């Protein structure tokens with residue numbers, strides 16, 4: 001039987017396609033995305049990462065074993081330190097300073113997705129939380145891979161390559177395994193419907209996040 | 217010095233006006249709101265109330281005194297039993313069955329506001345939670361009062377009268393007092409900026425909720 | 433196959449026996465318990481109920497369906513209003529005023545059990561929370577039933593009869609069914625070990641609570 | 649005016665003295681503590697650190713600024729990685745393997761203190777959480793400093809020196825500053841009584857933790 005992530009996608013095919021093949025993604029891939037759209041996305045992604053760090057903190061709090069705490073702690077510090085620093089450097093290249101990004105209000109779409117993940121994770125358990133995080137974490141790896149090679153002069157090439165990198169693909173692969181492990185430890189046949197509903201909601205909120213960039 | 221709620225409004229005048237004088241409200245008041253808009257609003261308000269009940273449950277959990285637990289418990293059971301039953305009866309009059317409403321997916325605006333309140337209340341304390349709830353709870357009382365008397369043939373008359381009723385106005389007045397009491401017990405000058413930011417965010421998400429009805 | 437509660441007991445037989453057949457229980461049953469011990473227990477049980485009310489508030493917050501919210505809300509208001517009022521009346525008969533009880537510090541054993549339940553329930557899901565509550569909720573029903581008829585002059589007769597009453601036995605029966613329902617919806621074979629560990633910990637902390645009364 | 653920590657201590661002098669001058673501490677200082685007591689303490693401290701790591705994860709989740717998230721994240725990874733590794737190495741020197749420590753059940757005193765901190769921090773805000781953590785974090789620094797120089801043949805010398813080290817004293821000093829900063833941002837005169845009650849409870853539960861070691 002295929003893994004949990006594949007079953008969740010199969011149960012949410014339309015939402016998954018609308019997210020991973022969103023116009024924002026297609027125009028990133030062919031380089032036709034307006035710069036303003038990408039910049040708006042980058043600023044909101046900065047604000048998004050702050051909340052995402054909190055979600056990994058929540059995962060560490062919700063852990064019952066030292067191994068789970070350490071894994072979540074490593075993800076938290078990876079986001080709060082390494083990824084945010086890379087993001088800030090990357091954004092500088094697009095003329096965005098960290099001070100400006102911090103001063104920008106969160107868009108509704110940023111709030112909607114991040115608070116949904118945090119709240120679902122708090123009300124549910126570690127498995128609910130990881131399922132709510134999966135569309136972002138694993139989805140970005142899948143999107144970058146499906147884009148494949150981009151034209152050398154595509155302005156968004158560095159973005160695509162970052163998520164297509166072996167490093168990021170390995171992060172996504174570990175999350176795939178973590179989902180199956182958590183389903184084994186905390187799951188059961190009765191949970192799939194609820195998990196799939198969480199996955200679907202998170203996926204739609206991710207698509208909204210692309211859309212927000214597009215209409216900037 | 218005026219109470220906390222007045223200070224929060226004064227610090228968010230534009231957002232407060234955009235919410236309390238939203239086109240949805242104005243068209244409710246003059247009866248020109250399309251029925252489809254009102255029905256969409258009613259269905260989402262049903263889904264909203266379920267999450268709002270959870271927010272009062274959170275308030276009871278976050279309470280440190282038996283008096284606070286009892287107050288939150290009374291609000292919770294009032295919403296989960298009395299208000300939801302009234303709402304369902306009211307919706308039947310508009311041709312909406314409870315089964316239909318339960319089967320309707322939550323709109324993004326419903327999710328965005330409710331999860332923000334729940335998450336802010338969980339991450340912060342009882343005062344943060346009440347401030348996040350205030351735009352809805354006290355705002356509806358203020359909106360209904362500002363609408364005042366409506367034409368006898370206004371199709372939304374019963375809605376306005378319910379929130380203008382002495383009963384509901386008393387609920388809002390108690391919440392005003394609760395905010396001041398919590399500010400006394402858990403507040404301080406350093407908290408106002410954060411509380412005002414929460415109040416502003418919640419107010420904007422409430423305005424989005426009207427807007428959602430409008431574009432139905 | 434037997435229900436979840438029976439499986440949890442079967443996996444924690446020593447702890448369950450140590451709790452349900454604790455010397456405090458045996459001396460309640462034969463009337464030989466010193467009055468000071470019973471009074472200390474009553475005061476701490478008052479403080480315990482306040483935290484227990486919060487645990488049901490947490491259950492309402494953690495609920496995903498309106499039916500679950502309503503059930504938890506009913507339990508919360510039942511404890512915060514009816515049970516606490518009965519308890520206060522009962523305690524008055526033993527010379528304990530509510531003001532005195534509120535002014536008494538929580539014993540370590542009261543804190544240890546209640547915070548364990550609340551924290552386990554928050555970190556885990558609704559099933560973890562109900563399993564942590566079960567030793568108290570269902571255990572008291574089982575203890576009262578196992579004591580059976582007490583001598584007419586047993587000073588603790590009213591206490592035993594309250595928990596042996598049809599009313600309380602029905603509450604416990606509903607909780608038994610709720611556990612099975614939650615196991616169906618949120619459980620799976622991988623969860624039993626963790627649930628049993630929670631059940632064992634909660635049962636031992638309940639036995640400590642009796643012990644606290646005894647050494648008063 | 650003196651800092652928050654000094655005010656909290658001044659409001660809980662008896663409890664603070666009972667904790668910081670506990671017989672366990674005095675016998676650590678003069679080397680007369682039985683080895684079995686120290687070993688029991690070490691095993692429970694290992695289990696304690698796992699929950700303490702979760703408390704810092706909770707602090708990261710509860711943070712509203714990236715700076716606060718990063719500070720909590722650094723503390724979390726410091727505990728979950730560096731401190732636990734040092735602790736395990738230290739325990740090996742006392743004949744305790746990590747596998748043995750993981751297989752040891754948590755003592756009631758370990759559960760009581762850690763769950764109290766986690767639950768208080770969840771129900772309250774970041775300030776409540778830091779106040780609940782302070783008796784441990786800052787207390788150990790104060791205890792080690794008050795012990796001062798120990799005899800060269802004192803078997804517990806390495807333990808004392810670890811907490812008296814500049815490194816650990818700096819951690820405690822940062823926490824002192826963090827408390828004042830949080831009191832500025834989230835506090836007010838109305839909060840002191842509640843914070844002091846939390847500090848007192850946590851201090852008493854820390855003294856219980858020493859006592860647990862003593863009666864091993």
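Chains as they are written, first to last, in the working numbering: chain A, 1 to 216; chain B, 217 to 432; chain C, 433 to 648; chain D, 649 to 864.
Note that CB positions come from ideal geometry on N, CA and C, so glycine has one too.
Treat the numbers as computed from the prediction; the structure is a model and nothing was measured.
Proximity of residue i and residue j at Cβ, strictly below 7 Å
{"i": "residue 838 of chain D", "j": "residue 222 of chain B", "result": "no"}
{"i": "residue 739 of chain D", "j": "residue 690 of chain D", "result": "yes"}
{"i": "residue 549 of chain C", "j": "residue 487 of chain C", "result": "yes"}
{"i": "residue 436 of chain C", "j": "residue 561 of chain C", "result": "no"}
{"i": "residue 115 of chain A", "j": "residue 331 of chain B", "result": "yes"}
{"i": "residue 206 of chain B", "j": "residue 326 of chain B", "result": "In the structure as shown, chain B begins at 217 and stops at 432. Residue 206 of chain B is therefore absent and cannot be evaluated."}
{"i": "residue 77 of chain A", "j": "residue 725 of chain D", "result": "yes"}
{"i": "residue 253 of chain B", "j": "residue 429 of chain B", "result": "yes"}
{"i": "residue 835 of chain D", "j": "residue 340 of chain B", "result": "no"}
{"i": "residue 113 of chain A", "j": "residue 209 of chain A", "result": "yes"}
{"i": "residue 566 of chain C", "j": "residue 552 of chain C", "result": "no"}
{"i": "residue 714 of chain D", "j": "residue 50 of chain A", "result": "yes"}
{"i": "residue 226 of chain B", "j": "residue 489 of chain C", "result": "no"}
{"i": "residue 224 of chain B", "j": "residue 412 of chain B", "result": "yes"}
Same chain, Cβ closer than 8 Å to residue i, neighbours up to 5 away in sequence not counted
{"i": "residue 168 of chain A", "result": "140, 141, 144 and 162"}
{"i": "residue 824 of chain D", "result": "651, 653 and 786"}
{"i": "residue 153 of chain A", "result": "31"}
{"i": "residue 207 of chain A", "result": "15, 18, 19 and 22"}
{"i": "residue 604 of chain C", "result": "569, 570, 572, 573 and 574"}
{"i": "residue 35 of chain A", "result": "94 and 155"}
{"i": "residue 261 of chain B", "result": "303"}
{"i": "residue 532 of chain C", "result": "475"}
{"i": "residue 737 of chain D", "result": "none"}
Anticipated Cβ contact below 8 Å, residue i with residue j, distance rounded
{"i": "residue 431 of chain B", "j": "residue 244 of chain B", "result": "No, residue 431 of chain B and residue 244 of chain B are not in contact; Cβ-Cβ is about 15 Å, not under 8 Å."}
Same chain, Cβ closer than 6 Å to residue i, five either side skipped, listed in chain order
{"i": "residue 373 of chain B", "result": "366"}
{"i": "residue 643 of chain C", "result": "none"}
Cut-off 7 Å between Cβ atoms - residues of its own chain near residue i, not counting five sequence neighbours on either side
{"i": "residue 717 of chain D", "result": "708 and 711"}
{"i": "residue 421 of chain B", "result": "328, 329 and 332"}
{"i": "residue 830 of chain D", "result": "774, 775 and 778"}
{"i": "residue 471 of chain C", "result": "526 and 528"}
{"i": "residue 338 of chain B", "result": "274"}
Residue i CB to nearest heavy atom of the ligand NAD below 6 Å
{"i": "residue 74 of chain A", "result": "As far as ligands go, the structure on display features none, and thus does not contain the ligand NAD."}
Any alpha helix (DSSP H) of 4 or more consecutive residues that is wholly inside the segment 656-729 of chain D
661-668, 671-678, 683-709 and 714-725
Is there contact here, the segment 8-25 of chain A with the segment 194-201 of chain A, by at least three beta-carbon pairs under 8 Å?
yes
So, does the segment 738-756 of chain D touch the segment 531-538 of chain C, judging by three or more C-beta pairs under 8 Å?
no
When you compare the segment 66-77 of chain A with the segment 713-733 of chain D, are there three or more beta-carbon pairs, one atom per stretch, that lie closer than 8 Å?
yes
Entirely within the segment 797-863 of chain D and at least 4 residues each: give me those alpha helix (DSSP H) ranges in chain order.
805-812, 814-834 and 840-862
Within 9 Å of chain F by C-beta, residues of the segment 120-142 of chain A in sequence order:
The question asks about chain F, but that chain is absent: this structure's protein chains are A, B, C and D.
What are the complete alpha helix (DSSP H) segments, minimum 4 residues, inside the segment 294-367 of chain B?
300-308, 314-319, 324-339 and 342-363
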